[in-house]
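In my numbering, the protein residues as written are -5 to 169.
All C-beta atoms, glycine included, are put in the ideal place defined by N, C-alpha and C.
Quick caveat: nothing in here was measured; it's all calculated off a predicted structure.
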């Protein structure tokens, strides 16, 4: 009787182990799927992009500051939102921001205010890139909007710094 009990117990244990371990394969999420979801979600979020006026760039010969021009081009490219390349555009933006941080800034713009605003844009670009990989409905869109908000603040600060410099020059000339 014990032999049959042991065999029965072994068979029950064997069948339990075989059928209890279901190895369900979960489909992998591809970048294309994420990009499609991203485009649908980001379409609801409207962003405004401030560009440097052409007269401003020519006034101080800032067109030679290639890092600034490249950064602006990246932001325009990201705003156009190529559906299949938002991750690539964000990666290019991060690269250009790092390149700009490492390069020398022209004299009137080599200030902590400008550099810290640029670091904030870089931080927000990283955050937005993170949300393209680890997508959630309520986080990617606001991160995308904040990226443009921080970039616009960066542009405004450069323009206001130039205005302050011009005002100081005018006051010095008047005296």
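In this structure, the CA atom of residue 144 is about 24 Å from the CA atom of residue 58. In the three-state reduction of the DSSP assignment, residue 129 falls in the coil class. A distance below 8 Å between beta-carbons, with the five flanking residues on each side excluded, links residue 169 to no residue of its chain. Residue 44 carries a coil assignment under DSSP once its states are collapsed to helix, strand and coil. The DSSP-derived three-state label of residue 4 is helix. The beta carbon of residue 147 lies closer than 8 Å to those of 111, 114 in the same chain, with the five residues before and after it left out. Across the structure, residue 136 and residue 39 are spaced so that their CA atoms are roughly 8 Å apart.
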